[in-house]
Amino acid sequence: MSELQKTWTVPMLARARADGRKLVMLTCYDASFARVLDDNGCDLILVGDSLGMVVQGHASTLPVRVEDIAYHTAAVARGARRALKIADFPFGSDGSPQEAHAAAVRFIQAGASMVKLEGAGHKLETIRYLVEREIPVCSHLGLTPQSVHRFGGFKVQGREDAAAARLCEEALAVADAGAALLVLEGVPAPLATRITAASPIPTIGIGAGAGCDGQVLVLHDLLGLDTGHRRPKFVKDFLADGGSVAGAIRAFAAAVRSGAFPAAEHSYE
Ligand code: KIV
Numbered sequence: 000m001s002e003l004q005k006t007w008t009v010p011m012l013a014r015a016r017a018d019g020r021k022l023v024m025l026t027c028y029d030a031s032f033a034r035v036l037d038d039n040g041c042d043l044i045l046v047g048d049s050l051g052m053v054v055q056g057h058a059s060t061l062p063v064r065v066e067d068i069a070y071h072t073a074a075v076a077r078g079a080r081r082a083l084k085i086a087d088f089p090f091g092s093d094g095s096p097q098e099a100h101a102a103a104v105r106f107i108q109a110g111a112s113m114v115k116l117e118g119a120g121h122k123l124e125t126i127r128y129l130v131e132r133e134i135p136v137c138s139h140l141g142l143t144p145q146s147v148h149r150f151g152g153f154k155v156q157g158r159e160d161a162a163a164a165r166l167c168e169e170a171l172a173v174a175d176a177g178a179a180l181l182v183l184e185g186v187p188a189p190l191a192t193r194i195t196a197a198s199p200i201p202t203i204g205i206g207a208g209a210g211c212d213g214q215v216l217v218l219h220d221l222l223g224l225d226t227g228h229r230r231p232k233f234v235k236d237f238l239a240d241g242g243s244v245a246g247a248i249r250a251f252a253a254a255v256r257s258g259a260f261p262a263a264e265h266s267y268e
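Note that numbering that gives the first Met the number 0 gives residue 170 to position 171 of the sequence shown, counting from 1, and the numbers run on in steps of one.
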């Protein structure tokens, strides 16, 4: 069986990293697109709370509710057979370990194999709590969109020495708490490369340079759709080259695996 036909499981993430195989991840929110992603080389599908911005039309991810993620996860799970499905905790749903567990059970029962959670700090206890209860966790650090008010906008994180050191510590802490995957968003490329080298778990970058173990984009950005939001520099329209939705997914997967994406023009220094 070729690599592209395998059904992804959580232990395969670490094996892919050990084999030097880049992980290809995209967001998705419905069954039809999930089928196209699944058939065209996408390894991991994230039912992200970005759906608040690109599907629901909000200005941020903050209005998304647990039932939204559960609904879209179930739709994606009906469409994707092979890719590993990851469901995102919406804002305020992972405030306590018990609350997070209740939401995570809904996501797993809807068809996810893993849940994603923003931040470290008090979230470390939640990561431990979930992992001890057989719920695999993906952490998300750097430009965490749920922190938009604290950051004062969607701003690159880790530019100053102290912030970079804190991010390195958080990356080690989430892995130590049991996370099996780490998304790094909006981080200078050299810092993301350093974190990846030190991290015991695979990293997935978005606006974090080519030094991560894999890459993720929001599906609407990859297809060049105008979502009404400012387009960050790390976004690339793959539909223009790919010629069709399936072709765009294949072009993205090939560019991630070859290391051609992201290029320097899509990264922060
Ligand atoms: O919600 C989302 O789509 C995400 C990705 C941008 C990583 O968190």
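Idealized CB from N, CA, C, for every residue including glycine. These figures come from a predicted structure and were not determined experimentally.
Using DSSP's beta-bridge definition, name the partner residues of Met-11.
As a first step, residue 11 is located in the sequence shown; it is residue number 12 there, counting from the start. In the DSSP output, where bridge partners are listed per residue, Met-11 has none listed.
Nearest-angstrom Cα separation, counted from Thr-6 out to Ala-254:
On the sequence shown, position 255 is the one that residue 254 refers to. On the sequence shown, position 7 is the one that residue 6 refers to. If you take the alpha carbons of Ala-254 and Thr-6, they lie about 21 Å apart.
Select from Ile-85, Lys-84, Gly-110, Leu-116 the residue whose C-alpha is nearest the C-alpha of Ala-99.
Counting from one through the sequence shown, the residue named residue 99 turns up at place 100. Residue Leu-116 holds the alpha-carbon nearest to the alpha-carbon of Ala-99 among Ile-85, Lys-84, Gly-110, Leu-116.
Would you say the beta carbon of Val-147 comes nearer than 7 Å to a heavy atom of the ligand KIV?
As a position in the sequence shown, residue 147 is number 148, starting the count at 1. No, the Cβ of Val-147 stays beyond 7 Å of every heavy atom of the ligand KIV.
Give a single yes or no on whether Ile-134 has its beta carbon closer than 7 Å to a heavy atom of the ligand KIV.
To locate residue 134, count along the sequence shown from 1; it is residue 135. For Ile-134, the CB stays at least 7 Å from every heavy atom of the ligand KIV.
Is it right to say Glu-159 is buried, meaning 16 or more other beta carbons lie within 10 angstroms of its own, or is it exposed?
Position 160 of the sequence shown, counted from the start, is the residue given in the question as residue 159. Classification of Glu-159: exposed, given that the 10 Å Cβ count is below 16.
Proximity below 8 Å, CB of Glu-124 to CB of Pro-89
Here residue 124 refers to the residue found at position 125 when the sequence shown is read from its first residue. Here residue 89 refers to the residue found at position 90 when the sequence shown is read from its first residue. Going by C-beta atoms, Glu-124 is not nearer than 8 Å to Pro-89.
Please work out which residues of its chain come closer than 8 Å, Cβ to Cβ, to Arg-34, disregarding the five sequence neighbours upstream and downstream, and give them in chain order.
Residue 34 sits at position 35 when you count from the first residue of the sequence shown. If we look at Arg-34 and ignore the five residues flanking it on each side, its Cβ neighbours are Gly-78, Ala-79.
Give the C-beta separation of Asn-39 and Arg-256 to the nearest angstrom, bearing in mind that I take them to be a contact with Cβ-Cβ under 8 Å.
Working through the sequence shown from its first residue, we reach residue 39 at position 40. Working through the sequence shown from its first residue, we reach residue 256 at position 257. About 13 Å; that fails the 8 Å criterion.
Could you check what DSSP says for Glu-184 in three-state terms: helix, strand or coil?
Translated into positions along the sequence shown, residue 184 becomes position 185. Assigned with DSSP and collapsed to three states, Glu-184 falls in strand.
Could you name the residues that DSSP lists as bridge partners for Ala-86?
Numbered from its first residue, the sequence shown carries residue 86 at position 87. Ala-86 pairs with Val-46, Val-114.
DSSP three-state label for Thr-72, please.
Position 73 of the sequence shown, counting from 1, holds the residue named residue 72. DSSP places Thr-72 in helix when its eight states are reduced to three.
Got a sec? Which residues, its chain only, sit under 6 Å from Gly-151 by beta carbon, not counting five neighbours each side?
Stepping through the sequence shown from its first residue, residue 151 is reached at position 152. Cβ within range, chain order: n/a, list empty.
Rounded to whole angstroms, what's the CA-CA distance from Ala-58 to Met-52? Just pull it up for me.
By 1-based counting over the sequence shown, the position of residue 58 is 59. By 1-based counting over the sequence shown, the position of residue 52 is 53. Roughly 6 Å separates the two Cα atoms.
Once the 5 residues before and after Leu-50 are set aside, which same chain residues still bring their CB inside 7 Å of it?
As a working mapping, residue 50 is identified with position 51 in the sequence shown. Cβ within range, chain order: Tyr-28, Val-63, Asp-67, His-71.
Where Thr-8 falls, given that 16 or more other Cβ within 10 Å makes a residue buried:
Numbered from 1 along the sequence shown, position 9 holds the residue referred to as residue 8. Exposed: under 16 other Cβ atoms inside 10 Å.
Going by C-alpha to C-alpha distance, which of Phe-237, Phe-233, Thr-202 sits closest to Ala-263?
Position 264 of the sequence shown, counted from the start, is the residue given in the question as residue 263. Nearest option by C-alpha distance: Phe-233.
Are the Cβ atoms of Leu-166 and Gly-141 separated by less than 8 Å?
Walking along the sequence shown from the start, residue 166 turns up at place 167. Walking along the sequence shown from the start, residue 141 turns up at place 142. Yes, these two residues count as a Cβ contact at 8 Å.
According to DSSP, Thr-26 sits in a beta bridge with which residue or residues?
For this step, residue 26 is matched to residue 27 along the sequence shown. Thr-26 is bridged to Leu-45.
How many angstroms separate the CA atom of Asp-175 from the CA atom of Phe-106?
Numbered from its first residue, the sequence shown carries residue 175 at position 176. Numbered from its first residue, the sequence shown carries residue 106 at position 107. If I take the Cα positions, the gap works out to 23 Å.
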